[in-house]
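The sequence shown: position 104 = 103 (numbering that gives the first Met the number 0), numbered continuously. Just so it is clear, CB atoms sit at the ideal spot from N, CA and C, and this is done for glycine as well. Heads up, the thing below is written out as structure tokens.
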Amino acid sequence: MSKSVERNQPLAVCDPVWERVRGEAEEMTAGEPILASFLYSTILNHREFNDAVAYHLAQKLGNAEVHPMQLRELFDEALRAAPEIGEAYRADIVAYYERDPACHSYIQPLLYFKGFHSLQAYRVAHWLWGQGRKAMALYIQNRISDLFSVDIHPAARIGRGVFIDHATGIVIGETAVVEDDVSMLHGVTLGGTGKEQGDRHPKVRRGVLISVGSKVLGNIEIGEYSRIGAGSVVLHNVPAHCTAVGVPAKIVGCAGCDKPAHAMDQMIKEEGEGI
0 MSKSVERNQP LAVCDPVWER VRGEAEEMTA GEPILASFLY STILNHREFN DAVAYHLAQK
60 LGNAEVHPMQ LRELFDEALR AAPEIGEAYR ADIVAYYERD PACHSYIQPL LYFKGFHSLQ
120 AYRVAHWLWG QGRKAMALYI QNRISDLFSV DIHPAARIGR GVFIDHATGI VIGETAVVED
180 DVSMLHGVTL GGTGKEQGDR HPKVRRGVLI SVGSKVLGNI EIGEYSRIGA GSVVLHNVPA
240 HCTAVGVPAK IVGCAGCDKP AHAMDQMIKE EGEGI
């Protein structure tokens, strides 16, 4: 891969995330030549960050029945019609870099993290659902579930700057809401409590941390900047800035800091130590 070829792919104007990703791809190519073709096709052959994400997701989600090129065109259509999808892509990748201690570059979530892949593919499925193209939205949901073990209903509403760590076993139901800057770990369920119809899933407000294996069930509200302890089963509202722990979950104190989703501190102090 010559530098002259790279120069034929100009950077998008004023996009520091894309500049960072491309720079990391060039460094990785120099350090690991075996990956050069993969990095070129996935990143360096594209003019914009949105293009790279769309290409990579289409390659993963495509199969013999629905070719990757068809999915790529579908993703491009969604990104043109709804620029906020691309804005969410960028906010999410920054969240991964800032909150995951195992993430040492912007390129890692884009290439390798299935939580990031699931979330960005969901965003296109959600747009399709809003356009009335429910069959296609459900097809993408199914492919996400098959490939990544993540089941997000396309009607669910998820904000930006969301971090889903590891992601295996994540379930987010049809009427769930996840606001901006939320962090959750693997094994989290935002589900219903039975066969009820209508608005039946949790509303997770801004800045919440939901720890590994937690189950939040029913049309309840998890207040902003609150924290759910690992393995908890939450059946009732959680006030803002609080920590809920246990089966069933109970309020045990404050959230420990102003922004628990950013701090990612899942330790709950013993009784008598303070919160």
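Is the distance from the Cβ of Thr321 to the Cβ of His152 below 7 Å? In the structure as shown, the chain begins at 0 and stops at 274. Residue 321 is therefore absent and cannot be evaluated.
Neighbour-count burial assignment, Glu72, 16 or more Cβ in a 10 Å radius: So Glu72 counts as exposed.
Could you check where the beta strand (DSSP E) with Ile250 kicks off and where it finishes? 248–253
Rounded Cβ spacing between Val16 and Ile106 (contact assumed at less than 8 Å): Actually they do not touch by this definition, with Cβ atoms about 11 Å apart.
As assigned by DSSP and simplified to three states, the class of Lys113: Helix, per DSSP.
Under the three-state reduction of DSSP, which class applies to Leu189: helix, strand or coil? strand
With 16 as the cutoff for other CB atoms within 10 Å, does Ile42 come out buried or exposed? buried
Note down the Cα distance separating Lys133 from Glu23, rounded to an integer number of angstroms. Cα to Cα, Lys133 sits roughly 37 Å from Glu23.
Helix, strand or coil for Thr174 per DSSP? coil
Pairing CB atoms from the region 235–252 with CB atoms from the region 73–87, are three or more of them under 8 Å? no
When we look at the beta-carbon of Asn62 and count the other beta-carbons within 10 Å, is it buried (16 or more) or exposed? exposed
So what does Phe147 bridge to, in DSSP terms? BP columns for Phe147 are empty, so no partner.
At 4 residues or longer, and completely inside the region 68–100: list those alpha helix (DSSP H) runs for me, N to C. 82–98
If distances are taken between C-alpha atoms only, which option among Glu97, Ala175, Arg226, Ala120 comes closest to Leu216? Ala175
Using 7 Å as the threshold, is the C-beta distance between Arg226 and Ala262 below it? no
With 16 other Cβ atoms within 10 Å as the buried cut-off, status of Ile139: buried
Do the CB positions of Ile276 and Val177 come within less than 7 Å of each other? Nothing can be reported for residue 276, as the shown portion of the chain is limited to 0 through 274.
In the structure shown, what three-state DSSP assignment does Val232 receive? strand
I believe Ile143 touches Ser117 by the beta-carbon criterion, under 8 Å. Please report the beta-carbon distance rounded to the nearest angstrom. Yes, Ile143 and Ser117 are in contact; Cβ-Cβ is about 5 Å, under 8 Å.
At 3 residues or longer, and completely inside the region 191–222: list those beta strand (DSSP E) runs for me, N to C. 214–216
Please state whether DSSP places Met135 in a helix, a strand or coil. Met135 falls in the helix class under three-state DSSP.
Can you give me the Cβ contacts of Glu223 inside the same chain, cut-off strictly under 6 Å, excluding the 5 residues immediately before and after it? Arg204, Arg205, Gly206, Ala239
Cβ neighbours of Val4 in the same chain (closer than 6 Å, five flanking residues each side left out): Reliability fails at Val4, whose pLDDT of 36 lies under 50, so the model's placement of it is uncertain and no value is given.
Alpha carbon to alpha carbon, how far is Ser40 from Gly212? Ser40 and Gly212 have their C-alpha atoms roughly 36 Å apart.
Drop a sphere of 10 angstroms on the beta-carbon of Gln119, count the other beta-carbons inside from all chains shown, and report buried for 16 or more, exposed for fewer. buried
Determine the burial state of Gly193: buried for a count of at least 16 other Cβ atoms within 10 Å of its Cβ, exposed for fewer. Exposed, by the Cβ-count rule.
Mind reading off the beta-carbon distance from Tyr88 to Asn49? Whole number of angstroms is fine, and I expect it under 8 Å. 7 Å
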